[in-house]
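Undergrad: Under the numbering used here, think of the first position of the sequence shown as 35, with each following residue one higher.
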Amino acid sequence: MSATRFTTEGFRDHSGARKNLGNAKLGVRLDDASTLTLLFNSVDINADDPGGLTRAEWQDNPRQSPRAEQFNTRKTVSQTQGGLHYQRQFGDSDDLSVMMYAGERETTQYQSIPVFVQQRSPQQPGGVIVLARHYQGVDTRWTHRGAIAAVPYTLTGGLNYETMTEKRKGYENFAEVNGEQQLGVKGNLRRDERNLMWNLDPYLQTSWQLTPRLTLDAGVRFSTVNFDSNDHFITTGNGDDSGNARYHQWLPAGALRYALADGWNIYAAAGRGLRRRPSTNSLTGRTAAPA
C-alpha cells in the first residue's frame, strides 16, 4: 500500500495544484497452481489553470494570468478504480490469466471562454465542462509453451472487452447573482449528452526462439470499436446531435529481434493500427463547431 500528496503554488499567478494518490495491492495464493491479486487505485486532483499569455503580456509580466483570475479557471479530477487478476498454471506448458477491472472518473473544468462567444450561438457548449465516466473491462488469455522441430515457441490466444459510459454536460461560465453578472461560476445548461463506447478484440500472438539469439514475434487482433451518443439538449437552433459509429479492422504485427549481447538487441518491427478510429473527445465535438 502507498499514499502520496503533492502540492505546489506554481510559478505563475493562479497556478497552484494539489494531488492525492493512493494505491493498494494484495496477492493471495489460492493453491499450488493459482493466485489472485486485488488492485485498488484512487486519485484526487485540484488545479488552477493560469492559461496562456500573449507575447506582450509575457514580456510585461510572465507571472500574470489576467483571464484566469477573471474567470477563476480551474479543474478537478476524482478517479477510483479496482481490479482482480486471476492466474492459474496447468502443468509446465499452459497458463490461464483473467483480468477484470471497473472504475469511475469525474471531471469538472472551468474555462475562460468569453461571455459574448457563448451568447452568440445556441450551439456553443459553454465554458464549464462536467464529465462523469464509468468504465469496466475484462481480458482473458490462454498461453501454451511447446516446441516444434526443437524450436521453442509460445502461443497466446485471448479476448479483450472494455466498455465506458459517459455523461457529458456543459454550462455557461457566468450567471446573474443579485442582479449582477458573476464570472467563473456554473450558469445555464448548454450541453447534455450520454455516450456509450465499447470495444471487443479477440487476439492471437506467438513467439519463436529460432536460435539462442534470434527471436520471431507475430500476432494479429481483430478490433471492433463502437461509439453511441444520445443528445438530451435539444433547443431552437441546436438540433439533435445523436449518432453512432462502428469500426472494424484486422491489426497484424510482427517483429524480428537479435540479441547482440546481454542487454543489447537490434530488431525490426512492422504493424498496423486502426486507421480511422477517432478519440472520444473528437466524436463529441461538432464537425464544424461555431466559433
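Cβ coordinates follow ideal geometry from the N, Cα and C atoms, glycine included. Predicted model only: the values in this text are computed from it and were never measured.
1) Between L55 and the ligand SAM, is there a pair consisting of the residue's CB and a ligand heavy atom that are separated by less than 7 Å?
2) Count the other C-beta atoms from every protein chain shown that fall within 10 angstroms of the C-beta of T42, then say buried if there are 16 or more, exposed otherwise.
3) Taking DSSP's pairing of strands, which residues face D275 in a bridge?
4) What does DSSP give as the partner residue(s) for K190 in the beta ladder?
5) Could you give the distance in angstroms between the alpha-carbon of E103 and the alpha-carbon of S112?
6) Just mark H266 as buried or exposed, buried being the case when its beta carbon has 16 or more other beta carbons within 10 Å.
7) Does DSSP put P324 in a helix, a strand or coil?
8) Would F261 and D235 be called neighbours here (beta carbons separated by less than 8 Å)?
9) Give the straight-line distance between the Cα atoms of P324 and R139, rounded to the nearest whole angstrom.
10) Okay, do the segment 243–259 and the segment 161–176 touch, 3+ Cβ pairs below 8 Å being the bar?
11) Of the residues W232, R225, T114, which one's Cα is nearest the Cα of T199?
12) Is there contact between the segment 176–195 and the segment 213–226, where contact requires at least three CB pairs shorter than 8 Å?
13) Per DSSP, what kind of secondary structure is Q113 in: helix, strand or coil?
14) With the cut-off set at 8 Å, would you say L73 and K59 are in Cβ contact?
15) When we look at the beta-carbon of Q145 and count the other beta-carbons within 10 Å, is it buried (16 or more) or exposed?
16) Please state whether DSSP places T41 in a helix, a strand or coil.
17) Which residues bound the alpha helix (DSSP H) around D94?
18) Pick from P186, F208, D128, A181: whose alpha carbon is nearest that of V162?
19) How is the alpha helix (DSSP H) around V151 delimited, first residue to last?
20) When DSSP labels each residue in this structure, what does R51 get in the three-state scheme?
21) Which residues in the same chain as N53 place their Cβ atom closer than 6 Å to its Cβ, once the five residues preceding and following it in sequence are excluded?
TA: This is what the structure holds:
1) Within the structure as shown, the ligand SAM is missing, as the structure has no ligands at all.
2) For the purposes of this step, residue 42 is identified with residue 8 of the sequence shown, where counting begins at 1. Exposed, since its Cβ has fewer than 16 Cβ neighbours within 10 Å.
3) Counting from one through the sequence shown, the residue named residue 275 turns up at place 241. None; D275 has no bridge partner.
4) Along the sequence shown, read from residue 1 onward, the residue named residue 190 stands at position 156. Here the sequence assigns Thr to residue 190, which means Lys is not the residue at that position. Paired residues: T177, Q239.
5) Position 69 of the sequence shown, counted from the start, is the residue given in the question as residue 103. Position 78 of the sequence shown, counted from the start, is the residue given in the question as residue 112. Between the alpha carbons of E103 and S112 lies a distance of about 23 Å.
6) For the purposes of this step, residue 266 is taken as residue 232 along the sequence shown, with counting starting at 1. Label assigned to H266: exposed.
7) The count along the sequence shown starts at 1 and reaches residue 324 at position 290. Reliability fails at P324, whose pLDDT of 45 lies under 50, so the model's placement of it is uncertain and the value that follows must be treated cautiously. Three-state result, P324: coil.
8) Residue numbering aside, residue 261 sits at position 227 when the sequence shown is read from its first letter. Residue numbering aside, residue 235 sits at position 201 when the sequence shown is read from its first letter. Cβ distance not < 8 Å, so F261 and D235 don't count as in contact.
9) Within the sequence shown, numbered from 1, the residue matching residue 324 stands at position 290. Within the sequence shown, numbered from 1, the residue matching residue 139 stands at position 105. In this predicted model, P324 has a pLDDT of only 45, less than 50, meaning its place in the structure is not dependable; the value taken from the coordinates is given anyway. Take the alpha-carbon of P324 and the one of R139: they are about 28 Å apart.
10) no
11) In the sequence shown, residue 199 corresponds to position 165, counting from 1. It is W232 whose Cα lies nearest to the Cα of T199.
12) No contact exists between the segment 176–195 and the segment 213–226.
13) For the purposes of this step, residue 113 is taken as residue 79 along the sequence shown, with counting starting at 1. The answer is strand: DSSP assigns Q113 an E or B state.
14) Counting from 1 along the sequence shown, the entry for residue 73 is found at position 39. Counting from 1 along the sequence shown, the entry for residue 59 is found at position 25. In contact: L73 and K59 (Cβ atoms closer than 8 Å).
15) The residue given as residue 145 occupies position 111 in the sequence shown. It is buried - the Cβ of Q145 has at least 16 other Cβ atoms within 10 Å.
16) Residue mapping note: residue 41 aligns to position 7 of the sequence shown, counting from 1. Strand at T41.
17) Taking the first residue of the sequence shown as position 1, residue 94 is located at position 60. D94: member of the alpha helix (DSSP H) spanning 89–94, first to last residue.
18) Residue numbering aside, residue 162 sits at position 128 when the sequence shown is read from its first letter. Among P186, F208, D128, A181, the Cα nearest to that of V162 is on F208.
19) Here residue 151 refers to the residue found at position 117 when the sequence shown is read from its first residue. Start and end: 149–153.
20) By 1-based counting over the sequence shown, the position of residue 51 is 17. Residue 51 is actually Ala in this sequence, not Arg. Strand, per DSSP.
21) To locate residue 53, count along the sequence shown from 1; it is residue 19. A small fix is needed here, since residue 53 is Lys in this sequence, not Asn. Within the same chain, K53 has close Cβ partners F40, I79.
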